[in-house]
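Residue numbers (UniProt numbering): 1 to 585.
Presented below is the structure to which this report refers.
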Amino acid sequence: MASLQASQEKPEPRMTASSSSTEIVRTSTALHVRPTEHKPPYTTFSQREQALIIVLLNAAMLVSPLTATMYLPLLPILSVQYHTSMQAINLTITVYIIFQALSPLFLASPSDYFGRRPILIGTFSLYTLSSLGLALNTSNYPALLILRALQSLGASCVTSLSSGAVADFCVTERRGKMLGRMMAASNLGTCFGPILGGCIASASNGDKWAFRALCIFGGTMLFSLVLFLPETARNVIGNGAIKDRKWNQPLMLILRESWQSHRESRDQCHNSQRHDLKSEPVTKEVISNGNEPLDLLPKRAFRIRSPLAVGKVLLCKDALLIIWVQSSYYAAGYCIQAGIPKIYKSPPYSFTELQVGLAYIPGAVGVILSFYATSTFIDRNYKAKAREAGFTTDKVKGDDLTNFPIEEARFRWAGRLNILCLCALVGFGWSVHEHAHVSVPLILQFLFSFWSNWLIQASSILLLDIFPETPSIAATAGNMTRCVMAAAGIAVLEPLVNSIGNSWFFTLLGLVSGLGGIGAVVSLQRWGYAWRSLRRVENNEGRVKMTVHPSRDIENTHSQHLVGNEKLATPLVPVQDDTTQGMGK
1 MASLQASQEK PEPRMTASSS STEIVRTSTA LHVRPTEHKP PYTTFSQREQ
51 ALIIVLLNAA MLVSPLTATM YLPLLPILSV QYHTSMQAIN LTITVYIIFQ
101 ALSPLFLASP SDYFGRRPIL IGTFSLYTLS SLGLALNTSN YPALLILRAL
151 QSLGASCVTS LSSGAVADFC VTERRGKMLG RMMAASNLGT CFGPILGGCI
201 ASASNGDKWA FRALCIFGGT MLFSLVLFLP ETARNVIGNG AIKDRKWNQP
251 LMLILRESWQ SHRESRDQCH NSQRHDLKSE PVTKEVISNG NEPLDLLPKR
301 AFRIRSPLAV GKVLLCKDAL LIIWVQSSYY AAGYCIQAGI PKIYKSPPYS
351 FTELQVGLAY IPGAVGVILS FYATSTFIDR NYKAKAREAG FTTDKVKGDD
401 LTNFPIEEAR FRWAGRLNIL CLCALVGFGW SVHEHAHVSV PLILQFLFSF
451 WSNWLIQASS ILLLDIFPET PSIAATAGNM TRCVMAAAGI AVLEPLVNSI
501 GNSWFFTLLG LVSGLGGIGA VVSLQRWGYA WRSLRRVENN EGRVKMTVHP
551 SRDIENTHSQ HLVGNEKLAT PLVPVQDDTT QGMGK
């Protein structure tokens, strides 16, 4: 009898929920939800979509360096046009650099929370309008000062926003190549900006066409971003599977979907005259792009993280050392750029204005070759370190760097590169001091640009790696620091060169950046992993909240799922608050 009853017992049914990361198991008394081993892909953007985003961001990142460096050849013209001294005109450069440092500080947090796309469109709108104002302004110096500040506010945050966008959809293994191409575009603007500014000024005998060119560029980029740029922020669209609200979608996508909907409606009306489309309401699931219903979109309250979050990044030991490496070499490169006109216009070189502009080309070539060559080697170093550590990389779902020494992977060979940069800086200073053949300092400019940009690129990528939850804030901290250090370097350039000469100035600059860089690299390779692990433990203690499992990409607002006529209680598990992830001391 017992055997008959046992044979009649039904097996426990097993059902799988619509989410790929949970499994629902029905027992005789309850329903349980437990995570499965399936992990969604890191991004659902296709290779074509990723390429389009990279192209748009590459072009957008030109705006800040072009705006800063095209202005330099215009200084004498502006002094005459606005009837003021060179010191007053130099004040406009100081104001520009100050807002260059502050702009990402206030705009990075909203971009991490509300998305990259609306912030980029807003800043390019401000940039275009301020450039138009500069083109129309003829002699009002206070207006020049204010408009340059607004122009900097609109242009200077693009680099950090673009870096954050790449981290949104690019897995760790490919991030070096992606960011390398973008940083190459940014530094090309720095190198070729003075050449373009000088050519435009000499051809037009004034400054207006330089500002008009920037206005045209800003308007073109604004139109392109509105048309084609999709949202990438992971707390807005997850891994790309969720479609954001219509106002934050590319205009081209909205037009295409509207046209397709119109065609489908027309075909249905033609094929079935008795079918009344208006009688059937469109459900949320239908308009959700087939991946998730609109009810599962992240619920975002109007909350902006404090700008002090950037200060918390600088309080982290590993982040401070990484930012020192990139900022010190950025400032050194800026000092070379600023010193070129005086160096080559003085005897024995006595360059003309056109020749001075051409003297920027070796540095530009070094930047180009550096980013397109070293980005590949940075990714190879990552793979090599992964093989040594027995770490399996995943190009689809992304890598968990929690237990991986990413500091050693990114800074492989960095100690030797610091020594080479030190030698190039010292050699450049003494070659121009001793009036060596012009080819010597030009070659040293090329070598320094090549080696220093390798270190800047590796540092920038590593900074994003150790702050995966808040990449824009981390990039903003780096951008702000390097702007401050560049401004300080330019401020002391003229008085120190007049006091101790080019030889000892660049020797001092090389010792500070080179020896400081070596110490930072050694410290990070030895203790960086331990510091990062300690910070993660500190963040886990006391900074947890109760939320719905399993995904941090989608803030689940439904604590219950409906399957048939049954309600499935989803267990609550603690996860980290995204406002404090990676922000410990």
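All C-beta atoms, glycine included, are put in the ideal place defined by N, C-alpha and C.
Query raised in the report: Taking the C-alpha atoms as reference points, what is the distance between K317 and F506?
Result: 28 Å
Requested in this report: Measure the CB-CB distance between I378 and I456 and report whether it falls below 8 Å.
Outcome: Result no, Cβ atoms of I378 and I456 do not sit closer than 8 Å.
Requested in this report: Report the rounded CA-to-CA distance for T94 versus F391, giving the unit in angstroms.
Outcome: 47 Å
Query raised in the report: So I200 and G357 are in contact, right, with Cβ under 8 Å, and what is the actual spacing, rounded?
Result: Rounded, the Cβ-Cβ distance is 11 Å, inconsistent with contact.
Query raised in the report: Exposed or buried, which one is Q260 when buried takes at least 16 other CB atoms within 10 Å?
Result: exposed
Report task. Apply the 10 Å Cβ neighbour rule to M178 and answer buried if 16 or more other Cβ atoms are within range, or exposed otherwise. Result -> buried
Query raised in the report: So which of L62, Q326, C421 and V236 has the shortest CA-CA distance to T481?
Result: Q326
Query - Nearest-angstrom Cα separation, counted from Q249 out to N418 - result: Approximately 44 Å, taken between the alpha carbons.
Report task. Output the boundary residues of the alpha helix (DSSP H) element that contains L171. Result -> The sequence shown places Val at residue 171, not Leu. Per DSSP, V171 belongs to no alpha helix (DSSP H) and is neither H nor E.
Query raised in the report: So the alpha helix (DSSP H) F404 belongs to, where does it begin and stop?
Result: F404 -> no alpha helix (DSSP H), and no H or E assigned at all.
Query raised in the report: For T190, does the three-state DSSP call read helix, strand or coil?
Result: Here DSSP, grouped into helix, strand and coil, assigns T190 to helix.
Query raised in the report: Considering only residues of the same chain and omitting the five flanking positions on each side of residue 611, which have a CB-CB separation below 8 Å?
Result: The question about residue 611 has no answer here: the residues shown for the chain are numbered 1 through 585.
Query raised in the report: Any idea if E469 is buried or exposed, counting beta-carbon neighbours within 10 angstroms, 16 or more meaning buried?
Result: buried
Report task. Return the CA-CA distance between N291 and I242, expressed in angstroms with no decimal places. Result -> Only weak support exists for where N291 lies, its pLDDT of 42 falling under 50; the value from the coordinates is given anyway. Those two C-alpha atoms are separated by around 7 Å.
Query raised in the report: How many Å lie between N540 and N140 at the Cα?
Result: Rounded to the nearest angstrom, the two C-alpha atoms are 55 Å apart.
Query raised in the report: According to DSSP, is H83 helix, strand or coil?
Result: coil
Query raised in the report: L511 to C483, Cα distance in whole Å?
Result: Straight-line Cα distance between these residues: approximately 20 Å.
Requested in this report: Determine the DSSP secondary structure at R526, reduced to helix, strand or coil.
Outcome: helix
Query raised in the report: So is G198 buried or exposed if we call it buried at 16+ other beta carbons inside 10 Å?
Result: Answer is buried; the Cβ neighbour count reaches 16.
Query raised in the report: According to the neighbour-count rule (16 or more other Cβ atoms, all chains shown, within 10 Å of its Cβ), is H435 buried or exposed?
Result: exposed
Query raised in the report: Straight-line CA distance for K312 to P110?
Result: 17 Å
Query raised in the report: Going straight from the alpha carbon of G489 to that of Y334, what length do you get?
Result: 8 Å
Query raised in the report: From A384 to R410, what distance separates their C-alpha atoms?
Result: 11 Å
**Report entry** Proximity to Y42 [Cα-Cα], best of L62, F228 and R174
**Finding:** R174
Query - Whole-angstrom distance between S162 and F114, CA atom to CA atom - result: Between F114 and S162, the alpha-carbon positions lie close to 15 Å from each other.
Query raised in the report: Secondary structure at E257, three-state DSSP: helix, strand or coil?
Result: Note: E257 maps to helix in three-state DSSP.
Requested in this report: Could you check the C-alpha separation between S265 and Y329 for me, to the nearest Å?
Outcome: Going from the Cα of S265 to the Cα of Y329 covers about 60 Å.
Query raised in the report: Along the chain, where does the alpha helix (DSSP H) that runs through G415 open and close?
Result: For G415, the uninterrupted alpha helix (DSSP H) segment begins and ends at A414 to H433.
Report task. Using 10 angstroms around the beta-carbon of A389, count the other beta-carbons present and answer buried if the total reaches 16, otherwise exposed. Result -> A389 should be labelled exposed.
Report task. Under 6 Å Cβ to Cβ from V166, same chain only, skipping five residues before and after it: list those, please. Result -> M178 and L179
Query raised in the report: Could you give the residue range of the alpha helix (DSSP H) that holds Y344?
Result: K317 to K345
**Report entry** Contact belief for G478 with I323 at Cβ below 8 Å, rounded distance in angstroms
**Finding:** 5 Å
**Report entry** Residue environment, S46, which counts as buried when at least 16 other CB atoms sit within 10 Å
**Finding:** exposed
Query raised in the report: With a Cβ-Cβ cutoff of 8 Å, do L56 and S224 count as a contact?
Result: S224 sits close to L56, with the two beta carbons spaced by under 8 Å.
Requested in this report: Check Q457 in the structure and name its three-state DSSP category.
Outcome: helix
Query raised in the report: Does any residue of chain B bring its CB to less than 8 Å from the CB of R535?
Result: No chain B appears in the structure shown, which is made up of a single protein chain.
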